[in-house]
Amino acid sequence: MTPLWKVTCLVMGLLLAGYAAVRAQAECSSITWPELKGDVDPSQHPGFAPVPDHLTYKQGIYLRTEALEALKAMAAAARVDGINLQVVSATRTWSHQRRIWNGKWNSARFMGFTGAARAAEILRYSSMPGSSRHHWGTDVDLNALENEHFENGAGAAVYAWLLANAYDYGFVQVYGDMRNGRTGYQEEKWHWSYWPLAEGFLRCYLDLCPEEAFAGFEGAGYSDSLRIIDRYVQGVDGPQ
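Note that my numbering has the sequence shown beginning at 1462, numbered continuously upward.
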């Protein structure tokens, strides 16, 4: 006869799994797979808004409206403390990410690598199209795209301020230094994710992602062997 405690644990496990499935279904009913893979035009989507000129030197870049409002508040608070936050990159479409990926694949810098090794080398800092958090409109690159920028002088002051204050506005550095065993992309001190939206979008991504999610770009066939979903999409740090 099976002990009562084992039966209870089994029932609780089934109930929790059912609850998680219902929650994911409800949470993801308002977002589509094309949105999560970057196959939308943010300038035509009612859920996005343009990043204002005082927060970026670029034209025509967008964020989810909620993420943008949080960013505005964070940037205003940073200015009071003498810190200037500038958006270098925000939402990227699948086509934009494909240009970045294919450009690197065919560049001289990566020609010394072949096959899966070339893809893995690019994946140190760049996502395969369809797997980037930048597709979601929740993530921003701030001030520079090199870790070295944030290690001295004004850049170090920016990074210290973000570490101390960003989560008060919902932003998390999702690609930390990997000392905790995180897999996937290398450390990116510039990449900050608006967690109140992105946490749910990640769950929806995992729930809605089709088996043949990656195609139409150089090296797409290596996505399975490199475990893009397990190691990269899920390879993130959360709030500390």
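Note that beta-carbon positions come from the ideal geometry of N, C-alpha and C, so glycine has one too. Note that the coordinates shown come from a computational prediction; the quantities given were computed from them, not determined experimentally.
TRP1622 and PHE1574 have their C-alpha atoms some 38 Å from each other. Counting only residues of its own chain and dropping the five nearest sequence neighbours on each side, THR1554 has a CB closer than 6 Å to the CB of GLY1499.
Distances from the CA of ALA1536 to each of SER1684, HIS1652, ALA1627 and TYR1523 were compared; the closest alpha carbon is that of ALA1627.
For ASP1600, the pairing in a beta bridge is given by DSSP as SER1654. For PRO1495, the uninterrupted alpha helix (DSSP H) run begins and ends at 1494–1497, by DSSP. For SER1556, no beta strand (DSSP E) run applies; the uninterrupted alpha helix (DSSP H) run containing it begins and ends at 1555–1566, by DSSP. Of all alpha-carbon atoms in THR1526, TRP1494 and CYS1489, the one lying nearest the alpha-carbon of HIS1506 is that of THR1526. Between TYR1636 and GLU1649, the CB-CB gap stays under 7 Å. Boundaries for ALA1510: no alpha helix (DSSP H) harbours it, while the beta strand (DSSP E) harbouring it runs 1509–1511, taken from the DSSP string. Here DSSP, grouped into helix, strand and coil, assigns GLN1505 to helix.
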